[in-house]
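Here's the structure, in structure tokens; my notes come after.
Protein chains: 4
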Amino acid sequence: MADKKIQLAIIGATGYTGREALAILVNHPHVEVRHLQSLEFVGEDVVDVFPQLIGRISLKITKPDVPAVVRDCNCAMLCVPHTAAAEMASQLLKGGVRVIDYSADFRLLDVVEYNRTYNVEHKHPELMKDAVYGLPELHREKIKAAKLVANPGCYPTSVILAGAPLVRNKLIKTDSIIADSKSGVSGAGRSLNLRTLFAECNETVSAYNIGKHRHQPEMTQELSRLAGTNVAVLFVPHLIPMTRGILSTVYFDLVKKMDAKEVHSLFSDFYKNDYFVKVLPLGKLPNTGDVAKTNFCHIGVTIAPDGKLVVVSAIDNLIKGASGQAIQNMNVMFGLPEEKGFY
Amino acid sequence: MADKKIQLAIIGATGYTGREALAILVNHPHVEVRHLQSLEFVGEDVVDVFPQLIGRISLKITKPDVPAVVRDCNCAMLCVPHTAAAEMASQLLKGGVRVIDYSADFRLLDVVEYNRTYNVEHKHPELMKDAVYGLPELHREKIKAAKLVANPGCYPTSVILAGAPLVRNKLIKTDSIIADSKSGVSGAGRSLNLRTLFAECNETVSAYNIGKHRHQPEMTQELSRLAGTNVAVLFVPHLIPMTRGILSTVYFDLVKKMDAKEVHSLFSDFYKNDYFVKVLPLGKLPNTGDVAKTNFCHIGVTIAPDGKLVVVSAIDNLIKGASGQAIQNMNVMFGLPEEKGFY
Amino acid sequence: MADKKIQLAIIGATGYTGREALAILVNHPHVEVRHLQSLEFVGEDVVDVFPQLIGRISLKITKPDVPAVVRDCNCAMLCVPHTAAAEMASQLLKGGVRVIDYSADFRLLDVVEYNRTYNVEHKHPELMKDAVYGLPELHREKIKAAKLVANPGCYPTSVILAGAPLVRNKLIKTDSIIADSKSGVSGAGRSLNLRTLFAECNETVSAYNIGKHRHQPEMTQELSRLAGTNVAVLFVPHLIPMTRGILSTVYFDLVKKMDAKEVHSLFSDFYKNDYFVKVLPLGKLPNTGDVAKTNFCHIGVTIAPDGKLVVVSAIDNLIKGASGQAIQNMNVMFGLPEEKGFY
Amino acid sequence: MADKKIQLAIIGATGYTGREALAILVNHPHVEVRHLQSLEFVGEDVVDVFPQLIGRISLKITKPDVPAVVRDCNCAMLCVPHTAAAEMASQLLKGGVRVIDYSADFRLLDVVEYNRTYNVEHKHPELMKDAVYGLPELHREKIKAAKLVANPGCYPTSVILAGAPLVRNKLIKTDSIIADSKSGVSGAGRSLNLRTLFAECNETVSAYNIGKHRHQPEMTQELSRLAGTNVAVLFVPHLIPMTRGILSTVYFDLVKKMDAKEVHSLFSDFYKNDYFVKVLPLGKLPNTGDVAKTNFCHIGVTIAPDGKLVVVSAIDNLIKGASGQAIQNMNVMFGLPEEKGFY
């Protein structure tokens, strides 16, 4: 399959996730970008929307047009709002197009939880059971064959990767996890919002949606599946004055005393075949700058003097937390090496 | 007059200029803030809009209501868009309220130039001749008696103060001035705008409106008045990734050779009675951080090895470039020391 | 006492804490700054070191000279490294000068803990018992009479104020507190350090010293004193890309179920007489921008859906976390209103 | 030659230029990095110095050792201070190693000008005549055969590319050019410096070295060579609060009236074969964010209403202004496509 080009459409291409996907895809030897569709900037060339791509691609933005995608493409990335994504996915799948959905529409397994969390009624619950949660480090085999991949949220990516080795090995108490995450502002997207104006969020830091963020159910679902039992996470996001990056500081109670070396070995072993997850040497802690504009997740583990286990993970929210992970998923789906096209 | 309280209204109080004015006024011993009016946040207490003021003031935001201002106040600050300002000013003046207008409606002397620059028809050209351009360092005496003060633009404040001593003393060529200004993002205001989203303007710098910015006529008008002849300024603004501040680097050709000491003496002498303008010691250049959250303008002068005179001025665009200057004007109008209420 | 001028010396005046103290003190009607002493910049005027003060003060920096302070002053602020501070404090106290020490030398009550934490031997343990921990909200009465005030650390100020109402009222478990703090870079001081270069810490976030920061013993000591029992805090500091501010997100387990209103009432009541601590309305969370360049601490309280109590506090690390608190302490010591001199 | 691997050494590898070179080189299919030498971090693996490279390279930092480079390499990048670079270059060239020197030692053609500008005596003036100024857009043919390439300064790269089409075509006055440049802080390097501490340069902007920066002679030399006559540039650099990027706003007087279209055509034509220089469509102005972490230079041209020509160029100071340009030069020297290895 790898010698056949991927004929790709991006629907909702003019936000940050579209931009970031393209910035990688212009280097991808196996992908031909066939359609860039959006409700905005219709008729403009993509380089007028994103001048950083000048001279590297040239394609007109067209209105969302699923039939055209079905006609020309074998893969589509959906960077559209939830509910709209479910509609499009349904049509694309019928047309034989494999779908990578950046929205939340197929991340949750339970339609009741979805409806409650997003305060809407899911349009295509029948598709939910076949969707694969697109965290390749956990679900690689299923992604290979998937027709519909639910690209994870940015915060869940960072928190799940920090907790996966622990819950799978039943090393921690499942009712006392706290994930204190710090995100750059690009996570709020490119739509107009008083809160994300430069003069509002520069030189300040704040917490928001304490225990009520929509990404919390996604974290608990995935960690619970890994644990084989219910896992609760108290998730507290913060907005900090930088453009890119999420640092998650995750607090765990060990069920039995372990030293840092043991925990470090466990993590290193767990991720030993995952190119994009790097467990830092013991004693080192990650920072978001080191993973900026990359698809890497850096993880550091520490045991505090009081015995508490603190795991810190760092990703670029727009890459490993969105567009890079989508391309990683695409590579897996089409039988390519996971890192193909990445620099 | 100074022993009588200033009864103040701010119309358009919920933008950055309103916030900055209030942050100073809560300390002002001679001002009672009577009305805070806005089209937004009506019914909310001002501290809900600007939590930094919690515990220092409490007042409900009400809809714009000029008659209430006439009834209760002897001074009004207009932080509303141009054209709206002219309408309100007219009514306030009729009601005997002294007006400090932050908009551009009364900055230009020539209605034709105004109409051309702002691409509207001036609603109250009859008021233009009595309005005073509110740069106290140049027009202090007229401001004392003024009923209507046109608070200067942020960029013009920085450029005019950099050029005033030179043009008044006829030391420079009047056809080759270049003002290259660098502004923080708050200058674009608090309204929603893709361009001022954090993720759009952080970690980047750009020029805009080269030679076509609406503040250019204001600079040339004031410098021409001082020179007694037509002065041309090529004004090139830049947006840089910080919240507050304008640095203007202004390039002049001297009509005859002067050394740096002479120029420095000239500036020091020119501003010797101006508390809010500080001419830095020879050899020092200003930066915007040093004047942040203050009403000061710092000026440094240099003569380059090739003989070109370079004057650099730094202000806080929201204080000396807007709300601080308005309060300075108010102090002058009401017979108070210029620095009263400032920290 | 209030009608007598405070004759003040600042020793170690050329770092950020000296600068911030002066920026407030130039407005303080009861303080005369008599000596600014430092090992650096000796012989320069303070305005050459801190150009933001130009025109507001003029004083030569001199070498540290305790006898001169004893001769001329009734109050000294020590902004020097720990151990050096203890030496100077001893001499100043003998000379009858009241001392506000910004260092850690007199914050801990237990000399063994001090020696262990700072890895030195305390030079003047005999003074420790009379030193007062200078958090006026907790120790106001003792500060009034104190000869030696230990100005709290920046992180402890934010964490202790977030926890004080809870531990004093025995509402929380004392063995499971987590304080996840986010600090601006100025907290690292003005000395040269690869880690605090702009290009190293801009656009990145990292955790450091997990469970091992020197401020942790200070927090646990003060909270334990309030609780009347041992309190453990896991303290995890983070460096974020902004200049000023600390946001502490503090996680507590309630000993019995309470709703948010009850907790909010408790906090409001606890701080009802504290001008510089503002408990935000229920539903609001603080941010550091709102307290920047002020001596305020803003506190928000939330109970997460899972019952965990999350208290968020925001301060300016250089003001309420250092120089502002020192001036607040000075005001208390000299019988002045706490907010005197502040804007 | 392209099928033979480039065996590369980087001497002075632990600063920002070394880091940036490596971040590109880990993807370069024709380069084997054989030596990373530095006075600092000796014995550490490069990924401990630059954790962003974890999993992509592993090599111990060794002390500077020119004989080892001669033994193992056919190409060396010198990221060491001027004067040290000349010494090493001399030995490397004798050993048959081709040299790309990031320092200023071989940028100027005139030893007297060099000695004056850098206030030292050049150690190897005999090598100056054979060194090639490594701006491939101007000197591509000479670079192909060069043994010694002088990698240009960051500011000169941005200013020369903005002026080259104009001076070569004799369209502008050569005595009135002003280059007002705005640089991110990484340009100051990774050494300790009070001025580049985060808390010193965040949220502020300043001009420095007006008309006296060491990069000015480099600009005038190259523009003069192109013009065939003496060209003077008044160069005024500014430091702005961002990590990467230089925006140069360059002011020119046209010798005869031209419209913007003509100037734009001239630029487009001049750079039509240069992959890394993109002339933006008429009406668009560049920003540094769009070229961050790339080797591109974006150029926008405008004619102001008063007839002044304003050219704005944007580069990443660490890539096109340093390490990327060095790799571009290396590609040219070794017969590879210029863009090889870049993403």
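Residue numbers (our numbering), protein chains in the order written: chain A, 1 to 343; chain B, 344 to 686; chain C, 687 to 1029; chain D, 1030 to 1372. Note that CB positions come from ideal geometry on N, CA and C, so glycine has one too.
Item: Residues within the segment 385 to 401 of chain B neighbouring chain C, beta-carbon criterion of under 7 angstroms; Value: 394, 395, 397, 398
Item: The segment 207 to 214 of chain A / the segment 128 to 148 of chain A touching (three or more Cβ pairs under 8 angstroms); Value: no
Item: Other residues of its chain near residue 193/A: CB distance less than 8 angstroms, five sequence neighbours each side excluded; Value: none
Item: Burial state of residue 316/A (16 or more Cβ within 10 Å); Value: buried
Item: Entirely enclosed alpha helix (DSSP H) segments - the segment 225 to 312 of chain A, minimum 4 residues; Value: 260 to 270
Item: Any chain D beta carbon closer than 8 angstroms to residue 16/A; Value: no
Item: Straight-line Cα distance separating residue 226/A from residue 174/A; Value: 11 angstroms
Item: Proximal chain C residues relative to residue 210/A, where beta-carbon distance stays under 7 angstroms; Value: 988, 990, 996
Item: Segments assigned beta strand (DSSP E), at least 3 residues, entirely inside the segment 757 to 788 of chain C; Value: 761 to 764, 784 to 787
Item: Separation of residue 1357/D from residue 1030/D, as counted between CA atoms; Value: Bear in mind that a pLDDT of 44 at residue 1030/D, under 50, signals an unreliable position, so the model cannot answer this.
Item: Contact the segment 1085 to 1094 of chain D vs the segment 1067 to 1075 of chain D: 3+ CB pairs below 8 angstroms; Value: yes
Item: Neighbourhood of residue 222/A by C-beta distance below 6 angstroms, restricted to the same chain and skipping five residues each side; Value: 160
Item: Burial state of residue 19/A, where buried means 16 or more other Cβ atoms lie within 10 Å; Value: buried
Item: Coarse secondary structure for residue 132/A, derived from DSSP in three states; Value: strand
Item: Close-in-space but distant-in-sequence residues of the same chain around residue 169/A (CB under 7 angstroms, 5 per side omitted); Value: 266
Item: Residue of 426/B, 425/B, 440/B, 661/B minimising C-alpha distance to residue 410/B; Value: 440/B
Item: C-alpha gap between residue 1293/D and residue 1308/D, whole angstroms; Value: 8 angstroms
Item: Sub-8 angstroms separation of residue 1105/D and residue 1038/D beta-carbons; Value: yes
Item: Cβ-based neighbour list, residue 153/A, same chain, cut-off 6 angstroms, excluding 5 preceding and 5 following; Value: 215, 218
Item: Rounded distance between the beta-carbons of residue 1342/D and residue 1328/D, thought under 8 angstroms; Value: 5 angstroms
Item: Cutoff 8 angstroms: residue 1309/D Cβ touching any chain A Cβ; Value: yes
Item: Under 7 angstroms by beta carbon: chain B residues contacting residue 1286/D; Value: Going along chain B, no residue has its Cβ under 7 angstroms from residue 1286/D, so there is no contact; the nearest lies around 15 angstroms.
Item: Proximity of residue 815/C and residue 1018/C at Cβ, strictly below 8 angstroms; Value: no
Item: Alpha-carbon spacing of residue 573/B relative to residue 520/B, whole angstroms; Value: 12 angstroms
Item: Identity of the residue in 24/A, 34/A, 22/A nearest residue 6/A by Cα; Value: 34/A
Item: Selection from 395/B, 612/B, 461/B, 545/B that minimises the alpha carbon distance to residue 426/B; Value: 461/B
Item: Chain B within 8 angstroms of residue 889/C, Cβ atoms only; Value: yes
Item: Nearest-angstrom Cα separation, counted from residue 1233/D out to residue 1305/D; Value: 31 angstroms
Item: Rounded straight-line distance, which links the Cα of residue 982/C to that of residue 396/B; Value: 10 angstroms
Item: CA-to-CA distance, residue 701/C to residue 306/A, given in whole angstroms; Value: 35 angstroms
Item: Entirely enclosed alpha helix (DSSP H) segments - the segment 829 to 915 of chain C, minimum 4 residues; Value: 840 to 854, 884 to 887, 902 to 913
Item: Cutoff 7 angstroms; reference residue 424/B; Cβ partners in own chain excluding five residues on either side; Value: 446
Item: Close-in-space but distant-in-sequence residues of the same chain around residue 438/B (CB under 7 angstroms, 5 per side omitted); Value: 413
Item: Contact belief for residue 885/C with residue 1215/D at Cβ below 8 angstroms, rounded distance in angstroms; Value: 4 angstroms
Item: Burial state of residue 1103/D, where buried means 16 or more other Cβ atoms lie within 10 Å; Value: buried
Item: C-beta atoms of residue 1046/D and residue 1277/D nearer than 8 angstroms; Value: no
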